[in-house]
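Everything in the sequence shown is counted per my numbering, starting at 573 for the first residue and increasing by one.
In this text, a Cβ means the ideal position worked out from N, Cα and C, and glycines have one as well.
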Amino acid sequence: MRFNPEEIRTAAKEDFDAAWNDGRRYVKRANINQGYPYMELNYGKVHPVYETISRLREAYLRMGFHEMMNPLIVDEKEVHKQFGHEALAVLDRCFYLGGLPRPNVGISEERIDMIKGMLGDIGEEGVERIRRILHSYKKGEIEGDDLVPEMSMELEVSDSLIVEMIEQVFPEFKELAPVCGRKTLRSHMTSGWFISLSGVLKRAEPPFNFFSIDRCFRREQAEDAARLMTYYSASCVIMDENVTVDHGKAVAQGLLAQFGFEKFRFKPDEKRSKYYVPDTQIEVFAYHPKLVGSKTKYSDGWVEIATFGIYSPTALAEYEIPYPVMNLGLGVERLAMILYSAMDVRSLTYPQIPQYSSWTMQDSELAKMIYIERTPVTPEGEQILAAIVKQCELHGSELSPCEFPAWEGTIYDRNVKVSVIEPEDNTKLCGPAAFNEVLVFKGDILGLPNNKKWKEAFENDSARTGIRFIDAFATQAAWEIEEAVKDGKKLMETRVRIVKVPSEINIRIKPLIQHYITSNKKKIDIRGPVFTTVRAEIE
């Protein structure tokens, strides 16, 4: 809240302690639904796969590799050139690209009558325009997403009518079936490396050190905890006359050491792919202390993490490449699973999809979704709220019958006197649960007293809503007083007895969280005797 420095300095000279204590009135009190923990400084949350990609990029760049983007769509003939006799096996796991053919649409007299019935009498010239546009579409001169706007503009008819006309008059468009071509989505980054290296050699001379981190697509029989149909490959190549298998070992260690891997083993790969020179295809096993004792098959700390090899001259020769090339690749998702201790690649990659991952929320997240429903809208209403709470705090244990004035002033040009009362005999101004606080503890939403028994629950401030039963009740009372003043009432009483559900104390829990609580067999327990009454006399 803004203040006058000159006034503060003058007051401090006259009586420093009084001026210092008066500083409280310049500190604004946050609305109960807007203070901590509802108030937070948000920050973005990274996706584990993309974060791993970012770290891999930095690691490759630190090692002196240049980044390259390889072709994603590869003609099947390239696969035959690269993989030789293995091409059919590779292509069996490739996705082929297809598309809808352009139909050859005729316009009969019957169709002309239908068109005129829908679009009006567009005349022979209009029919001829439609025929010409359809012909241009068939030849590829007009793209599919331009077909409707083009007709609409030529015929001066609305888009919606054109869409309806095409649907009813030309059923050929609805009956189109995709036709597959010879283009594939790459299943290995290798498919792109041969094409890229062939092109680079036309403009530069080796040695070359390149890396690429991008998607590959593999037509698996099914996705499971260990494999997806689309994944990221972090691949690199070194082209040099003197490249050796040792280059692969050095790159593997230099790259993976940056992720905490400490020891390495290199074993010949039994697959012996034909695009590698015999006996140069090597599997990389690395030791990571984070894996030791984990609930995975890598609990001994060792994991197969990468593969490298020297491209075969028989494959390179197909691209007029006369230099040996070392290629190393690793699956980004596998590395991310290690770094993030994930057990299932599907839940790691798509945590937002319920079928792949369990739903877990921190207590602090749940607390932010509990709020007070009705709150005062005027500054006077806020003052009434605070005054009611203050009187309950001061006199909550007073024996009844009793009455304590809380606030007096003007709201909407009407005089209002507010008191906290308990008219019944042999009780207290406030019931024993009045100062219970709503918080989240181990996934349960509870209304608890702040005492030794519940010390652990109150230690986590981020899971405390800061809403006590009396706060929620006082907020409701202040709101009702504002409404009573506007409605012309002269007397208003707000009373709460034994609370059985949150709504009885002006507390709401967002439906999403209620669903979460139910799904995870947790509980909502906000109840207890509050027994407090607020009376407002309005003139």
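Do you know offhand how far residue i's Cα is from residue j's?
| i | j | result |
| --- | --- | --- |
| W765 | A878 | 17 Å |
| E726 | I702 | 8 Å |
| A858 | G820 | 14 Å |
| L957 | A631 | 58 Å |
| V720 | V735 | 7 Å |
| G698 | L748 | 26 Å |
| L706 | Y668 | 28 Å |
| K1072 | V904 | 52 Å |
| C752 | L672 | 9 Å |
| K710 | G716 | 10 Å |
| S884 | D647 | 20 Å |
| L660 | F831 | 36 Å |
| S759 | R790 | 5 Å |
| K746 | E739 | 7 Å |
| E834 | V875 | 12 Å |
| D664 | E892 | 27 Å |
| R627 | I785 | 11 Å |
| K1000 | E1076 | 20 Å |
| Y598 | M640 | 58 Å |
| V949 | N576 | 27 Å |
| N1022 | K1082 | 24 Å |
| M933 | F838 | 41 Å |
| N605 | Y943 | 6 Å |
| E996 | T1104 | 11 Å |
| L828 | R906 | 13 Å |
| V849 | L888 | 11 Å |
| E855 | G670 | 35 Å |
| I1085 | R1036 | 16 Å |
| R799 | R754 | 26 Å |
| S770 | I645 | 16 Å |
| V1057 | A1049 | 12 Å |
| M801 | V621 | 15 Å |
| R601 | K1025 | 30 Å |
| F588 | M573 | 20 Å |
| R986 | I1110 | 7 Å |
| A824 | G873 | 17 Å |
| Y984 | I1079 | 27 Å |
| D851 | I882 | 9 Å |
| S969 | V1106 | 16 Å |
| R674 | G712 | 8 Å |
| L971 | A583 | 42 Å |
| D1125 | P750 | Absent from the structure is residue 1125, since the part of the chain shown begins at 573 and ends at 1111. |
| I1042 | N1008 | 8 Å |
Taking the DSSP output, what are the residues bridged to residue i?
| i | result |
| --- | --- |
| W979 | V990 |
| H638 | F782 |
| D1097 | L1018 |
| Y883 | Y848 |
| S763 | In the DSSP output, where bridge partners are listed per residue, S763 has none listed. |
| D647 | K755 |
| Y1088 | DSSP lists no partner for Y1088. |
| A806 | I785 and L902 |
| A944 | Reading the sequence as shown, one finds Ile at residue 944 and not Ala. Answer is I1079, bridged to I944. |
| G670 | C752 |
| T1105 | I993 and R1067 |
| F745 | Answer is none; F745 lacks a bridge partner. |
| F655 | DSSP output for F655 lists no bridge partner at all. |
| W874 | Y859 |
| K1000 | L971 |
| E792 | According to DSSP, E792 bridges with nothing at all. |
| V897 | M811 |
Please report the Cβ distance between residue i and residue j, rounded to the nearest whole angstrom; I am assuming they are in contact, meaning their Cβ atoms lie under 8 Å.
| i | j | result |
| --- | --- | --- |
| S1034 | S936 | 4 Å |
| L902 | V1012 | Not really, about 41 Å apart at Cβ, beyond 8 Å. |
| Y847 | F655 | 6 Å |
| F880 | M898 | 6 Å |
| T756 | V651 | 7 Å |
| V1010 | I1039 | 5 Å |
| K1094 | G1003 | Going by Cβ atoms, the distance from K1094 to G1003 rounds to 26 Å, so no, they are not a contact pair. |
| A797 | M611 | Between M611 and A797 the Cβ distance is about 40 Å, and since that is not below 8 Å, they are no contact. |
| V988 | I1053 | 7 Å |
Report whether the distance from the Cβ of residue i to the nearest heavy atom of the ligand COA is below 8 Å.
| i | result |
| --- | --- |
| E945 | Of the ligands one can find in the structure shown there are none, so the ligand COA has no counterpart to examine. |
Against chain C, with Cβ distances strictly below 9 Å, would residue i count as a contact?
| i | result |
| --- | --- |
| S626 | No chain C is present in this structure, which holds just one protein chain. |
Q) Going along the chain, which unbroken runs of the beta strand (DSSP E) with 3 or more residues stay wholly within the stretch 810-854? A) DSSP runs (the beta strand (DSSP E)) wholly in the stretch 810-854: 835-840.
Q. So does the stretch 632-646 actually touch the stretch 779-786, counting three or more Cβ pairs closer than 8 Å?
A. Yes, the stretch 632-646 is in contact with the stretch 779-786.
Q: Kindly provide the ranges of any alpha helix (DSSP H) runs that are 4 or more residues long and lie completely inside the stretch 673-704, ordered along the chain.
A: Taking only runs of at least 4 residues, the alpha helix (DSSP H) segments lying wholly in the stretch 673-704 are 681-691.
Q | the stretch 973-991 in contact with the stretch 1090-1104 per 3-pair CB rule at 8 Å | A | In short, these stretches do not touch, since the Cβ pair count stays below three.
**Q.** Runs of alpha helix (DSSP H) lying entirely within the stretch 1019-1062, each at least 4 residues, in chain order
**A.** Scanning the stretch 1019-1062 for uninterrupted alpha helix (DSSP H) segments of 4 residues or longer gives 1027-1030 and 1041-1058, listed from N- to C-terminal end.
Q: Spell out a yes or no on whether the stretch 958-971 and the stretch 1055-1065 are touching, meaning 3 or more CB-CB pairs, one atom from each, closer than 8 Å.
A: Taking 8 Å as the limit for Cβ pairs, the verdict is that the stretch 1055-1065 does not touch the stretch 958-971.
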